[in-house]
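Heads up, the sequence shown is in numbering that gives the first Met the number 0, so the first residue is 0 and it goes up one at a time. By construction, the Cβ of each residue, glycine as well, lies at the ideal position given by its N, Cα and C atoms.
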Amino acid sequence: MSAVTSMSPRTIAWAALAIGGVGLGIGLLLAPRDTLAACVASLLGLAGIPLGALTLGLALASVSGSVRDQLWPWTLIASRAMPALLVLVLPGLLGAGLIYEWMHQYSDGFRGFWLWWPSFLVRGLLYVGLWWALARWLLPTTLRNPAGAGLGLIAAVLSVSLAAFDWAQSMEPHFASSIFGLLWLGRLMLSGIAACILFSLFAGAPRPGVLRGLLSAAALAWIYLHFMQYLIVWYGNLPEEVRWYEIRARDWPLLTWLVALQSLVFIATWWPLSGRRVPLAILAGSTLLLGLAEGAWLSMASLSGLSGLASALALFAAAAAGAGMMTLLILPRRSA
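Structural data, given as structure tokens:
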């Protein structure tokens, strides 16, 4: 038995957190802009585990059936990782001047207030604080309080949309999309569903075929949202929005193809054997990994002058640190 396989999940998580933290520290010294951009990308990619699970849990509260029975308890577990988002969001908030062009532009009126750095910082902390409060106090009560779940779901969707505009869309100040927030919400839901499916499968889910159907539906919704934005840009022939896609296709082709692979996960769910435990676990795990690629595609690809190697290493370090933190928060606490 190798040394890695003999290590406990908690030990592996601590190792990932330590390695990622050291890597980020070195990156901030040698390539601060690349590293800060990677921190934002990892936040967008990893947030699907706790935040997507929170949204899923709030949505499941008003329905009944096998899907809720198999997944709702795991939304409580996955949402334990919400405090990790506070750590992941801080580098981008504190180092905003290096990655957001609008930080160096003057605006007056409401736009000036919205793009004022203290306002940006406070909003970011309020978003995470709201999500943590919903996960901590509202989500556990939703089965007996469906009305509260509905209000919480509205608050989560609106705050997610605003956070997407602040953290990702504003990296490209000339790009505007009214459904950009829904793109990130679609990714969050897809990753949250994938994470809860993995937890349920490891616990011996009695009806994995039903979970396969939910993953397929979430992947289809994700495809639809991306297609709708692309269709609007193409049909309207909007120059700045077209440029947003051109930059990604020209300068980030590998990342673009990785994001497109999510469509293959949807197609793979048509395969009859994908309803079995192992194939479904592979599809769900792939969805989580592809979420990191999409986080980088939505954010880092908007920035010019990044080093490919430095950005890749920083993204690996940020993802390792973030995943390690989330794992430690999700794992059962040791008894005294």
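* Could you check what DSSP says for D68 in three-state terms: helix, strand or coil? => Indexing the sequence shown from 1 puts residue 68 at position 69. Here D68 sits in helix by DSSP.
* How many angstroms separate the CA atom of F179 from the CA atom of R242? -> Numbered from its first residue, the sequence shown carries residue 179 at position 180. Numbered from its first residue, the sequence shown carries residue 242 at position 243. Going by the C-alpha atoms only, they are around 15 Å apart.
* To do: Check whether the Cβ atoms of T326 and A12 lie closer than 8 Å to each other.
  => Within the sequence shown, residue 326 is the residue found at index 327, counting from 1. Within the sequence shown, residue 12 is the residue found at index 13, counting from 1. Their beta carbons are under 8 Å apart, which means T326 touches A12 by this criterion.
* Inter-residue spacing [alpha-carbon to alpha-carbon] between V232 and W251 -> In the sequence shown, residue 232 corresponds to position 233, counting from 1. In the sequence shown, residue 251 corresponds to position 252, counting from 1. Cα to Cα, V232 sits roughly 19 Å from W251.
* With a threshold of 16 other CB atoms inside 10 Å of the CB of T10, please say whether the residue is buried or exposed. => Within the sequence shown, residue 10 is the residue found at index 11, counting from 1. Under this definition T10 is an exposed residue.
* Sorry if obvious, but does the Cβ on Y234 come closer than 7 Å to a heavy atom of the ligand NAP? -> By its list of ligands, the structure shown contains no ligand whatsoever, and the ligand NAP lies outside what it can speak to.
* For V159, does the count of other Cβ atoms within 10 angstroms reach 16, so buried, or fall short, so exposed? -> Counting from one through the sequence shown, the residue named residue 159 turns up at place 160. Burial call: buried.
* By how many angstroms is the C-alpha of L200 removed from the C-alpha of A17? -> As a working note, residue 17 is residue 18 in the sequence shown. As a working note, residue 200 is residue 201 in the sequence shown. Straight-line Cα distance between these residues: approximately 29 Å.
* Per DSSP, what kind of secondary structure is I178 in: helix, strand or coil? -> Locating residue 178 in the sequence shown gives position 179, where the first residue counts as 1. I178 falls in the coil class under three-state DSSP.
* Report the residue ranges of all alpha helix (DSSP H) runs contained in full by the segment 280-332; include only those spanning at least 4 residues, in chain order. => 307-329
* For I18, which three-state DSSP category applies? -> Indexing the sequence shown from 1 puts residue 18 at position 19. Correct three-state label for I18: helix.
* What are the uninterrupted segments assigned as alpha helix (DSSP H) that are 4 or more residues long and contained completely in the segment 24-56, given in chain order? -> 31-45
* Asked: Among residues of its own chain, excluding the 5 on either side of T74, which ones have a beta-carbon nearer than 8 Å to its beta-carbon?
  -> In the sequence shown, residue 74 corresponds to position 75, counting from 1. Result list for T74: A52, L53, L55, G56, L59, L138, G191 and C195, in chain order.
* Using CA coordinates, which residue listed in G203, F198 and S262 is at the minimum distance from L224? -> For the purposes of this step, residue 224 is identified with residue 225 of the sequence shown, where counting begins at 1. Here the closest residue by C-alpha is S262.
* Asked: Should A77 and I48 be called a contact, given that it needs their Cβ atoms to be closer than 8 Å?
  -> By one-based count along the sequence shown, residue 77 stands at place 78. By one-based count along the sequence shown, residue 48 stands at place 49. Yes, the pair counts as a contact, with Cβ atoms nearer than the cut-off.
* CB contact flag (A318, L45, <8 Å) -> For this step, residue 318 is matched to residue 319 along the sequence shown. For this step, residue 45 is matched to residue 46 along the sequence shown. A contact, by the Cβ cut-off of 8 Å.
* Asked: Looking at C-beta atoms only, is the number of pairs between the segment 160-169 and the segment 259-273 that lie closer than 8 Å three or more?
  -> no
* **Close beta carbons around R67, own chain, < 6 Å, minus the five adjacent residues each side** => Position 68 of the sequence shown holds residue 67. Excluding residues within five positions, the ones whose Cβ falls inside 6 Å are L59.
* Is the Cβ-Cβ distance between M324 and V86 less than 8 Å? -> Here residue 324 refers to the residue found at position 325 when the sequence shown is read from its first residue. Here residue 86 refers to the residue found at position 87 when the sequence shown is read from its first residue. Yes, Cβ-Cβ distance for M324 and V86 is below 8 Å.
* **L200 (DSSP reduced to helix, strand or coil)** => Taking the first residue of the sequence shown as 1, we reach residue 200 at position 201. Note: L200 maps to helix in three-state DSSP.
* Return the CA-CA distance between I246 and S301, expressed in angstroms with no decimal places. => Counting from 1 along the sequence shown, the entry for residue 246 is found at position 247. Counting from 1 along the sequence shown, the entry for residue 301 is found at position 302. C-alpha separation (whole angstroms): 8 Å.
* Do three or more CB pairs link the segment 200-209 to the segment 261-281 at distances below 8 Å? -> yes
* Identify the continuous alpha helix (DSSP H) that holds A267 and give its terminal residues. => Taking the first residue of the sequence shown as 1, we reach residue 267 at position 268. Q261 to A267 is the extent of the alpha helix (DSSP H) around A267.
* Which residues in the same chain as P82 place their Cβ atom closer than 7 Å to its Cβ, once the five residues preceding and following it in sequence are excluded? -> On the sequence shown, position 83 is the one that residue 82 refers to. W131 and L328.
* Given that a residue counts as buried once 16 or more other Cβ atoms are within 10 Å of its Cβ, and exposed if not, what is A248? -> Taking the sequence shown and counting its residues from 1, one reaches residue 248 at position 249. The residue is exposed, with fewer than 16 neighbouring Cβ atoms inside 10 Å.
* **E239 classed as buried or exposed, judged by whether at least 16 other C-beta atoms fall within 10 angstroms** => Taking the first residue of the sequence shown as position 1, residue 239 is located at position 240. With fewer than 16 other Cβ atoms within 10 Å, it is exposed.
* Asked: Would P207 be called buried (16 or more neighbouring beta carbons within 10 Å of its own) or exposed?
  -> The residue given as residue 207 occupies position 208 in the sequence shown. Buried, because 16 or more other Cβ atoms sit within 10 Å of the Cβ of P207.
* Kindly give me the distance between the Cβ atoms of A267 and L288, rounded to whole angstroms, as I take these residues to be in contact under 8 Å. => Against the sequence shown, residue 267 aligns to sequence position 268. Against the sequence shown, residue 288 aligns to sequence position 289. Not confirmed; about 14 Å, so no contact.
* Secondary structure at D165, three-state DSSP: helix, strand or coil? -> Taking the sequence shown and counting its residues from 1, one reaches residue 165 at position 166. The answer is helix: DSSP assigns D165 an H, G or I state.
* Buried versus exposed, by CB contacts within 10 Å (16 or more), T140 -> By one-based count along the sequence shown, residue 140 stands at place 141. Exposed, since its Cβ has fewer than 16 Cβ neighbours within 10 Å.
* To do: For chain C, find out if any of its Cβ atoms is closer than 8 Å to the Cβ of A83; answer yes or no.
  => Note that chain C does not occur in the displayed structure, where there is just one protein chain.
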